[in-house]
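Read through the structure below, which is laid out as structure tokens, and then see the notes.
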Amino acid sequence: MANPLDTDAGSELFSSYEAEFKLVQADLTQKLDQIPELNGEPRKAAIAAAERALEEADELLGQMRLEKQNIPSSSRPKINQRFRNLETDVDGYRRKLRTLSDDRAALFGSRYTDNPTPSDLQLEQRQQLLSGTDRLDRSSQRLRASQALAHDTEQIGAGTLADLHQQRERIAHTSQILYESEGYVDRSVKTLRGMARR
Numbered sequence: 391m392a393n394p395l396d397t398d399a400g401s402e403l404f405s406s407y408e409a410e411f412k413l414v415q416a417d418l419t420q421k422l423d424q425i426p427e428l429n430g431e432p433r434k435a436a437i438a439a440a441e442r443a444l445e446e447a448d449e450l451l452g453q454m455r456l457e458k459q460n461i462p463s464s465s466r467p468k469i470n471q472r473f474r475n476l477e478t479d480v481d482g483y484r485r486k487l488r489t490l491s492d493d494r495a496a497l498f499g500s501r502y503t504d505n506p507t508p509s510d511l512q513l514e515q516r517q518q519l520l521s522g523t524d525r526l527d528r529s530s531q532r533l534r535a536s537q538a539l540a541h542d543t544e545q546i547g548a549g550t551l552a553d554l555h556q557q558r559e560r561i562a563h564t565s566q567i568l569y570e571s572e573g574y575v576d577r578s579v580k581t582l583r584g585m586a587r588r
């Protein structure tokens with residue numbers, strides 16, 4: 391592969407990105423080499439670190455892709471070949487990382503088995519956990535149904551109270567009218583008595 395610090399006319403920025411890529415590439419290679427020796431949480435952390443390094447390599451490739459458009463046509467074939475080699479390297483790292491990430495037994499440690507036996511204690515614990523989760527889910531559904539019923543009952547009660555309040559106001563109004571009518575009747579009776587005396 392060509393020296394990343396070759397400085398053909400117009401390729402200086404591309405070469406600086408390439409040099410930075412080489413540093414990320416070395417770091418990524420080291421991280422990928424460490425992952426097979428790890429299990430459980432340390433393995434998950436190492437995979438996450440490798441994923442971050444791979445993202446950084448992808449970003450640098452993106453910068454290089456943009457920069458190679460500014461390189462003179464005479465230098466472009468050599469730059470394109472170097473760029474394709476770097477892309478091929480990144481694709482290889484991505485496949486290796488995917489393979490390492492998919493190794494469930496290493497990722498989860500001795501707790502994981504693809505074919506657990508019926509006597510497996512962890513299988514029994516998993517089944518108990520699933521059963522408990524299922525019961526909790528059913529209880530949650532019943533609780534939600536009870537809450538909905540209580541809400542409906544509250545709405546009906548509020549409506550009934552509003553109706554009773556309106557009826558009370560009507561009764562109070564009717565009572566007031568009757569009271570006023572009684573006053574009119576009393577005045578009428580007095581007037582009639584006064585007329586009869588005359």
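Residue numbering for the sequence shown follows the working numbering, starting at 391 and increasing by one per position. Ideal placement from N, C-alpha and C gives every residue a C-beta, glycine not left out.
| field | In chain order, each alpha helix (DSSP H) run of at least 4 residues that lies wholly inside the segment 416 to 499 | value | Entirely contained in the segment 416 to 499, the alpha helix (DSSP H) runs reaching 4 residues are, in chain order, 430 to 457, 466 to 491 and 494 to 498.
| task | Quick one: grab the DSSP three-state call for S578. | result | If DSSP states are grouped into helix, strand and coil, S578 belongs with the helices.
| task | Give the C-beta separation of E457 and V414 to the nearest angstrom, bearing in mind that I take them to be a contact with Cβ-Cβ under 8 Å. | result | With a beta-carbon spacing of about 16 Å, E457 and V414 fall beyond the 8 Å limit used to define contacts.
| request: Can you tell me the Cβ-Cβ gap for P426 and L490, rounded? I've got them flagged as a contact below 8 Å. | output: Contact between P426 and L490 holds: their C-beta atoms lie close to 7 Å from each other, under 8 Å.
| Relative to the alpha-carbon of K486, which residue among Q545, Q420, G547 and E431 has its alpha-carbon at the smallest distance? | For K486, the nearest C-alpha among the options comes from Q420.
| field | Beta-carbon proximity list for R577, same chain, < 6 Å, skipping 5 on both sides | value | Excluding sequence neighbours, R577 sits near nothing in its chain.
| Helix, strand or coil: how does DSSP classify R588 here? | R588 falls in the coil class under three-state DSSP.
| task | Determine the closest residue to G482 out of E572, F404, D448 and R583, with distance taken between C-alpha atoms. | result | Nearest to G482 by alpha-carbon distance, out of E572, F404, D448 and R583, is D448.
| request: Note down the Cα distance separating S530 from S536, rounded to an integer number of angstroms. | output: Between the alpha carbons of S530 and S536 lies a gap of roughly 10 Å.
| field | Whether A436 touches L444 by CB criterion (7 Å) | value | For A436 and L444, no; Cβs fall outside 7 Å.
| field | Burial state of A438, where buried means 16 or more other Cβ atoms lie within 10 Å | value | With fewer than 16 other Cβ atoms within 10 Å, it is exposed.
| Does DSSP put S657 in a helix, a strand or coil? | Residue 657 cannot be examined here, being either before or after the span of the chain that is shown, 391 to 588.
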